[in-house]
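First to last, the sequence lines map onto chains A and B. Heads up, the first sequence is in our numbering, so the first residue is 1 and it goes up one at a time. Heads up, the second sequence is in our numbering, so the first residue is 1 and it goes up one at a time. For glycine and all other residues, C-beta sits at the position ideal for the given N, C-alpha and C. One structure below.
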Amino acid sequence: MSIKVNNLTKYYGNNLAVDNISFEAKKGEILGFLGPNGAGKSTTMKIITTYLPPTSGTVSVDGFDVEEKSLDVRKKLGYLPELNPLYYDMNVVDYLDYIAALDGIPKSDIRKKREEMIKVCGLETMRKKDIGTLSKGFKQRVGLAQAMINNPDVLILDEPTSGLDPNQIIEIRNLIKKLGKEKTVILSTHILSEVTATCNRVIIINKGKIVADGTPEELQGRSKGQSLVILEVKNNCDKNAISGSLKDIRTVNKVEFVKDTGDSFIFNIYGDKGVDLREVISTKVNSQGATLLSMQAKHSTLEDIFRELTK
Amino acid sequence: MNTQNIKTIYSKELKSYFNSPVAYIVMIVFMVISGFLFTVSFFQINTASMREFFGSFFIQLVLFVVFIPAITMRSFSEEKKQGTLELLLTKPVTDIELILGKYLSALTLVIFTLIPTIFYFIVIKLIGPIPFWPFMTSLLGFILMSAFFIGIGVFVSSLTENQIIAFIVSVLICLFFFLLGKLLVVFPPSMVSVFEYVTTDYHLSNISRGVIDSRVLIYYFSMIFFTLFLTKVSLESRKW
């Protein structure tokens with residue numbers, strides 16, 4: 001188990017930031033920390049990375065306790081703090097060399113490691129530029145290069161894709177996925193699609209508590225929400241008759257007329273959780289003599305679950 | 001303690017002093033002021049001595065109360081403001097290594113700034129007899145005094161993320177220690193001997209006379225140690 005969090009609680013003064021959470025993460029896992037702002041994601045990360053001590057509970061990384069073996073923990077870690085702090089007056093090469101030296105990489109290896117990171121993070125053209133003059137996307141890559149230069153077993157990334165454009169986000173996600181195969185990665189985000197795209201496990205935190213823990217698929221299946229089918233039929237029929245007959249289906253809870261597009265009617269049909277309504281709906285529509293134009297089943301998304309759990 | 005880490009931080013900090021205008025402004029302005037005062041006192045007094053130079057209230061005030069706070073004001077405040085302190089303190093580097101690296105780099109910059117005084121000494125030496133030892137001890141006194149005030153500056157800078165506040169507060173604290181000695185005359189004689197030991201001025205004038213008293217060294221080293229200790233406590237206060 002590379003990260004072990006046991007009954008972790010953290011108070012800032014009288015403010016409870018993290019409330020008795022426990023979880024574990026192992027090699028090969030990309031763990032997504034999901035939660036609204038102020039939920040305790042960053043605080044948990046700051047504790048894992050030894051920056052702040054827990055108020056109570058224990059955290060260990062590769063068997064080293066974050067309080068007692070702080071320096072050993074730090075050697076195992078790569079950390080990208082929130083807001084990606086950098087020295088704006090240094091150029092990329094000097095900065096990475098400085099970080100590599102602080103990470104304890106032997107002088108003879110620094111050049112090799114730095115060039116490796118520059119290549120992995122696509123910084124070749126920015127080598128000698130001052131970090132302050134780089135675009136946000138490149139700054140983020142420098143931040144990632146910084147976190148990974150010591151080839152850490154554990155990567156802690158606090159909002160790694162914030163402020164990037166869609167292309168850059170996809171690049172960074174692919175990079176994280178590639179790295180995640182032989183490391184333990186914890187990343188925090190409040191962008192839900194990020195979790196589905198990169199993580200193989202999700203922990204949802206709200207008000208300092210873990211409210212859900214599982215794979216993205218598991219969480220989606222756990223939703224209390226109902227299934228939804230969007231139905232479009234040609235307008236050569238009676239819309240009230242259609243909706244009336246659809247309501248007769250046992251598994252249908254609600255039929256909602258959405259709009260008349262001019263040559264078709266659109267309905268939202270809500271049914272019991274986990275039931276695929278499409279087959280029965282199609283039979284019903286045909287029996288009413290109406291023309292079925294299209295039908296689309298909507299699964300509940302992580303967004304629904306997120307909202308349910310963190311409201 | 002890992003000296004390699006101290007060296008890494010030290011050279012990065014020293015480089016960043018010379019990458020910004022701070023180092024050049026301090027060095028050039030000090031050279032101009034000290035050069036001017038040296039020339040004036042040299043021709044006015046007409047003796048081969050540097051006592052007036054090192055004893056100059058103005059030189060001391062500029063160096064200890066203005067320049068040193070200007071040099072140290074960003075050492076921790078900037079890291080706090082940019083968030084890079086979090087980055088540094090999650091690397092395998094201890095608080096003490098970080099503090100020493102930063103402290104020693106500021107001290108080095110001040111020593112660089114004091115180098116021109118050696119040329120003044122050489123100039124006087126060319127013209128007349130001037131004892132070497134008092135010059136050396138005066139210079140040592142200046143360096144020890146700077147070392148103490150840099151400690152104050154580094155500590156104050158670790159308290160705030162605002163460089164301007166760090167500067168003003170360090171100026172005030174340095175001014176307090178600096179002026180305390182000059183104001184000793186107003187204290188009743190019975191108290192002077194007690195206060196004397198606390199004031200920097202007393203020790204500085206002692207050492208300038210060419211006497212290296214162990215009490216002087218103990219005073220400065222304990223003050224330096226104390227300020228560095230306070231800085232460590234201040235860095236740890238994030239954990240409270």
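Interface flag, residue i vs chain A, CB-CB below 7 Å
{"i": "L109(B)", "result": "no"}
{"i": "L204(B)", "result": "no"}
{"i": "L144(B)", "result": "no"}
{"i": "N19(B)", "result": "yes"}
{"i": "K239(B)", "result": "yes"}
{"i": "K12(B)", "result": "yes"}
{"i": "G141(B)", "result": "no"}
{"i": "Q82(B)", "result": "yes"}
Separation of residue j from residue i, as counted between CA atoms
{"i": "K239(B)", "j": "A147(B)", "result": "28 Å"}
{"i": "V229(A)", "j": "A290(A)", "result": "17 Å"}
{"i": "F42(B)", "j": "Y120(B)", "result": "10 Å"}
{"i": "E97(B)", "j": "N5(B)", "result": "6 Å"}
{"i": "Y79(A)", "j": "S264(A)", "result": "55 Å"}
{"i": "T241(B)", "j": "G151(B)", "result": "Lying outside 1 to 240, the shown extent of chain B, residue 241(B) is not represented and no answer is given."}
{"i": "L184(B)", "j": "P21(B)", "result": "37 Å"}
{"i": "V136(A)", "j": "A147(A)", "result": "First, the residue type needs correcting, since residue 136(A) is Lys and not Val in the sequence shown. Rounded to the nearest angstrom, the two C-alpha atoms are 17 Å apart."}
{"i": "L187(A)", "j": "I30(A)", "result": "7 Å"}
{"i": "T133(A)", "j": "Q163(B)", "result": "22 Å"}
{"i": "T44(A)", "j": "V18(A)", "result": "7 Å"}
{"i": "E305(A)", "j": "F33(A)", "result": "Residue identity check: residue 305(A) is Ile in the sequence provided, not Glu. Approximately 14 Å between the Cα atoms of the pair."}
{"i": "V29(B)", "j": "D213(B)", "result": "32 Å"}
{"i": "V233(B)", "j": "N37(A)", "result": "31 Å"}
{"i": "T310(A)", "j": "L302(A)", "result": "12 Å"}
{"i": "E124(A)", "j": "P69(B)", "result": "39 Å"}
{"i": "P106(A)", "j": "N20(A)", "result": "40 Å"}
{"i": "N286(A)", "j": "L246(A)", "result": "11 Å"}
{"i": "E171(A)", "j": "R111(A)", "result": "25 Å"}
{"i": "N19(B)", "j": "L96(A)", "result": "17 Å"}
Test item: CB-CB of residue i and residue j under 7 Å
{"i": "P152(A)", "j": "K76(A)", "result": "yes"}
{"i": "L109(B)", "j": "Y17(B)", "result": "yes"}
{"i": "Q60(B)", "j": "P85(A)", "result": "no"}
{"i": "V65(B)", "j": "L175(B)", "result": "yes"}
{"i": "I207(B)", "j": "V216(B)", "result": "yes"}
{"i": "F54(B)", "j": "S138(B)", "result": "yes"}
{"i": "P54(A)", "j": "K4(A)", "result": "no"}
{"i": "G271(A)", "j": "T251(A)", "result": "yes"}
{"i": "K46(A)", "j": "T184(A)", "result": "no"}
{"i": "R114(A)", "j": "T90(B)", "result": "no"}
{"i": "K181(A)", "j": "T198(A)", "result": "no"}
{"i": "I149(A)", "j": "A100(A)", "result": "yes"}
{"i": "G181(B)", "j": "T199(B)", "result": "yes"}
{"i": "A145(A)", "j": "M126(A)", "result": "no"}
Close beta carbons around residue i, own chain, < 6 Å, minus the five adjacent residues each side
{"i": "G35(B)", "result": "none"}
{"i": "G57(A)", "result": "N6, N7, L8 and T9"}
Any C-beta of chain B under 7 Å from that of residue i
{"i": "A101(A)", "result": "yes"}
{"i": "T49(A)", "result": "yes"}
{"i": "K75(A)", "result": "yes"}
{"i": "P85(A)", "result": "yes"}
{"i": "D272(A)", "result": "no"}
{"i": "D89(A)", "result": "yes"}
{"i": "G63(A)", "result": "no"}
{"i": "G324(A)", "result": "The question about residue 324(A) has no answer, for chain A in this structure spans 1 to 311."}
{"i": "P216(A)", "result": "no"}
{"i": "P53(A)", "result": "yes"}
{"i": "P81(A)", "result": "yes"}
{"i": "G104(A)", "result": "yes"}
{"i": "Y98(A)", "result": "yes"}
Residues near residue i in its chain [Cβ-Cβ closer than 7 Å; skip 5 each side]
{"i": "E79(B)", "result": "L85 and L88"}
{"i": "E82(A)", "result": "S42, D158 and E159"}
{"i": "I231(B)", "result": "A small correction: the amino acid at residue 231(B) is Thr; Ile does not occupy that position in the sequence shown. Excluding sequence neighbours, T231(B) sits near I99, V154, F155 and S158."}
{"i": "C237(A)", "result": "Q288, G289 and A290"}
{"i": "D260(A)", "result": "N235"}
Cutoff 8 Å; reference residue i; Cβ partners in own chain excluding five residues on either side
{"i": "M90(A)", "result": "Y98, D130 and I131"}
{"i": "I33(B)", "result": "F58, I59 and V62"}
{"i": "E24(A)", "result": "M1, I3, K4 and V5"}
{"i": "E13(B)", "result": "S75, G101, K102, S105 and A106"}
{"i": "T215(A)", "result": "N200, R201 and V202"}
{"i": "L313(A)", "result": "Outside the shown range of chain A, which is 1 to 311, sits residue 313(A), and nothing can be said about it."}
Next item on the list: Note down, one range per segment and in chain order, each alpha helix (DSSP H) of at least 4 residues found wholly within the stretch 14-77 of chain B.
Entry: 21-45, 51-55, 57-60 and 68-72
Checklist line | Members of the stretch 88-112 of chain B that neighbour chain C once the beta carbon cut-off is set at 9 Å | finding: Protein chains in the displayed structure are A and B, and chain C is not among them.
Note to self: Quick check for students: name the residue ranges of the alpha helix (DSSP H) that lie wholly in the stretch 231-301 of chain A, counting only runs of 4 or more.
What the structure shows: 239-247 and 278-287
Check: Where in the stretch 84-137 of chain B do unbroken runs of the beta strand (DSSP E), each at least 3 residues long, occur, reported from the N-terminal end onward?
Finding: none
Check: Unbroken alpha helix (DSSP H) runs of length 4 or more, entirely within the stretch 115-183 of chain A: which are they?
Finding: If we require 4 residues or more, the alpha helix (DSSP H) runs fully inside the stretch 115-183 of chain A come out as 136-148 and 166-180.
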